[in-house]
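First comes the structure, then the notes that go with it.
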Ligand SMILES: Nc1ncnc2c1ncn2[C@@H]1O[C@H](COP(=O)(O)OP(=O)(O)O)[C@@H](O)[C@H]1O
Ligand SMILES: [Mg+2]
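Chains as they are written, first to last, in the numbering used here: chain A, 106 to 400; chain B, 2 to 253.
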């Protein structure tokens, strides 16, 4: 029979062990990706277009596509998520309608992204005839992102104390003024953190994009900013392979001689970008909170 | 015409099935301080929050009876809660400044109401903070966060914030119970300065405080108003046995 004190020690030891193991696995993974990928990185690699058969290709277009798609997806999903979260948390009464909405969000957020991708393919690409395009991809990403972002914004609103709402209302502000002028400004730092973190997830998403934004990256003319031209980087109707999709594709059917190196390099870029998103989220969130609360 | 600014008649309030106010009749004349006292859970906060319709926020609340502010029924279907709360302001137990600068906190109500004139806003900030007796302490850092202030200063900034929208009535729910004794007595001084210009209704669990600052005192118990009178009568010569027991610390 162990006495409670030793029991406690053993339990804590075990938990530390498990936590340590998780950290170790994570470090090993990150280390492997970075060690094998970083040597591939160069300005040329980051900016040059990919080559299908020859060595020496880069990921410039894929990298650009990833960012463009991310921004479009965020522009579509953020206003919807914000509205939904405000409605659900600040206005909706607890009844079967809101319970249904919440359950739907719950289910949507646990949907495998490949299912979202197939739905996007059938609906946006085929049914709405958008083809393999940035727009189809952005809509698919919106579906993927919306539930997560809505929940994260709702959580941000929840962190603002009810005494703040009462304070606003007691000053003779309307419900809407209280939400937009007191609650939202107070929640901005944490909302921003949530947005950036979800940007990281969207940035690394491949399965939802393979059948929507497509698997080809036509050459872009970075001097042509007319969105109606097919080679314009802004054209939303062109197919656009992203970095994550590129990695998947090289590994499944890449035939260029330096496929392995390009895949490692791309993975390193992806991981670095996502790490960057995470650190930026923390840093900006804190900075902004300080700024907003100390005028 | 009577001088009564706020009247409550046969006010009942139910949280679901539970009756928390059991027919309150209580009127307030303009100006001066009324203290609401009574054991914890007797319905003081509930009553106070009916006076500016803050209970509207709680689901499943049923209210019957009449509350009139200057002759207007506060619960009439046409009543405008936003307007009501501009005229009947409220200060809470926990200081709740917004996470903005002191200056922004004070002018928030006005600015949202559309006031843009910088000189006017500056003047209101100074006047309100002076009235709340916190001007000297904060005048040199008006543009720093209100969250950096001490609890007592925060509470006075919250009072200033209410004053800035020029209400006629100020409701306070145990405004000093989260504060240290020094801050509490500063708040008391503030309220005493305001009693000539505003109708102040404050809940307090602190009997000494009621006796120090209140012109009138109302004693609540179990959702009923037991007795209301001049403060000195309540403390020296209460009409009801229950009041006497409570005042002399025999329960509660
Ligand atoms: N939101 C609520 N829902 C249900 N019951 C409540 C709620 N708020 C207060 N009550 C109940 O109403 C009674 C009066 O509470 P309250 O007005 O807060 O008392 P006091 O402020 O005098 O301590 C108490 O029994 C309390 O439990
Ligand atoms: Mg109370």
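Just so you know, even glycine gets a beta-carbon here, dropped at the ideal spot from N, CA and C.
Keep in mind it's a predicted model, so treat the numbers as computed, not measured.
{"query": "8 Å Cβ cutoff, residue 110 of chain B in contact with chain A", "result": "yes"}
{"query": "For residue 1 of chain B, three-class secondary structure by DSSP", "result": "With chain B represented from 2 up to 253, any question about residue 1 of chain B goes unanswered, as that position is not in the structure."}
{"query": "Which residues DSSP lists as bridging residue 55 of chain B, in chain order", "result": "In DSSP, residue 55 of chain B forms no bridge with anything."}
{"query": "Selected residue, minimal CA-CA separation from residue 89 of chain B, among B:131, B:201, B:179 and B:65", "result": "B:201"}
{"query": "Residue 225 of chain B: CB within 7 Å of a non-hydrogen atom of ligand 2", "result": "no"}
{"query": "Residue 298 of chain A at chain B interface by Cβ criterion, 8 Å", "result": "no"}
{"query": "Contact under 8 Å by Cβ, residue 269 of chain A with residue 291 of chain A", "result": "yes"}
{"query": "Distance CB(residue 195 of chain A)-CB(residue 262 of chain A) smaller than 8 Å", "result": "yes"}
{"query": "At least 3 beta-carbon pairs within less than 8 Å: the region 170–180 of chain A vs the region 234–250 of chain A", "result": "yes"}
{"query": "Residues near residue 2 of chain B by beta carbon distance below 8 Å, same chain, minus five either side", "result": "Residue placement at residue 2 of chain B is poorly supported in this model, since its pLDDT is 43, which falls under 50; the coordinates are not used for a value here."}
{"query": "heavy atom of ligand 1 below 7 Å from residue 46 of chain B C-beta", "result": "yes"}
{"query": "Proximity below 8 Å, CB of residue 239 of chain A to CB of residue 312 of chain A", "result": "no"}
{"query": "Collapsed DSSP secondary structure at residue 380 of chain A in the structure displayed", "result": "helix"}
{"query": "When B:222, B:133 and B:49 are compared against residue 185 of chain B, the one with the closest alpha-carbon", "result": "B:133"}
{"query": "Contacts of residue 166 of chain B in chain A (Cβ-Cβ under 9 Å)", "result": "276 and 277"}
{"query": "Bounding residues of the beta strand (DSSP E) (the contiguous stretch that carries residue 152 of chain B)", "result": "Unbroken run through residue 152 of chain B is the alpha helix (DSSP H), 152–165; no beta strand (DSSP E)."}
{"query": "Per-residue contacts from residue 97 of chain B into chain A (C-beta, under 8 Å)", "result": "266, 268, 269, 271 and 272"}
{"query": "8 Å Cβ cutoff, residue 2 of chain B in contact with chain A", "result": "Because residue 2 of chain B sits at a pLDDT of 43, beneath the cut-off of 50, its placement in the model cannot be relied upon, and the following sentence gives the value as read from the coordinates. So no, residue 2 of chain B is outside the interface."}
{"query": "Closest by C-alpha distance to residue 214 of chain B, when choosing among B:187, B:222 and B:107", "result": "B:187"}
{"query": "Touching by the beta-carbon criterion (3+ pairs, under 8 Å), the region 10–19 of chain B and the region 62–76 of chain B", "result": "yes"}
{"query": "Distance, residue 167 of chain B Cα to residue 405 of chain A Cα", "result": "There is no way to answer for residue 405 of chain A, as the model of chain A reaches only from 106 to 400."}
{"query": "Beta-bridge pairing of residue 107 of chain A - partner residues as DSSP gives them", "result": "None, per the DSSP bridge assignment."}
{"query": "For residue 19 of chain B, the residue or residues it bridges with in DSSP", "result": "B:16"}
{"query": "Cβ contact (3+ pairs, closer than 8 Å) linking the region 192–201 of chain B and the region 97–117 of chain B", "result": "no"}
{"query": "Minimum Cβ-Cβ distance from residue 53 of chain B to chain A less than 8 Å", "result": "yes"}
{"query": "Backbone CA spacing between residue 42 of chain B and residue 295 of chain A [nearest angstrom]", "result": "36 Å"}
{"query": "Near ligand 2: residue 62 of chain B beta-carbon under 7 Å from a heavy atom", "result": "no"}
{"query": "Cα-Cα separation between residue 340 of chain A and residue 322 of chain A, rounded to whole angstroms", "result": "13 Å"}
{"query": "Distance, residue 150 of chain A Cα to residue 166 of chain A Cα", "result": "10 Å"}
{"query": "Nearest-angstrom beta carbon gap, residue 9 of chain B and residue 25 of chain B [assumed within contact, 8 Å]", "result": "5 Å"}
{"query": "Residue 237 of chain B: first and last residue of the uninterrupted alpha helix (DSSP H) it sits in", "result": "232–237"}
{"query": "Under 7 Å from the C-beta of residue 114 of chain A: neighbouring residues of chain B", "result": "Ordered by position in chain B, no residue passes the 7 Å Cβ test against residue 114 of chain A, which lies about 40 Å from the chain."}
{"query": "Three-way DSSP call (helix, strand, coil) for residue 361 of chain A in this model", "result": "coil"}
{"query": "Distance, residue 181 of chain A Cα to residue 372 of chain A Cα", "result": "27 Å"}
{"query": "Closest by C-alpha distance to residue 173 of chain A, when choosing among A:163, A:334, A:252 and A:345", "result": "A:345"}
{"query": "Minimum Cβ-Cβ distance from residue 287 of chain A to chain B less than 8 Å", "result": "yes"}
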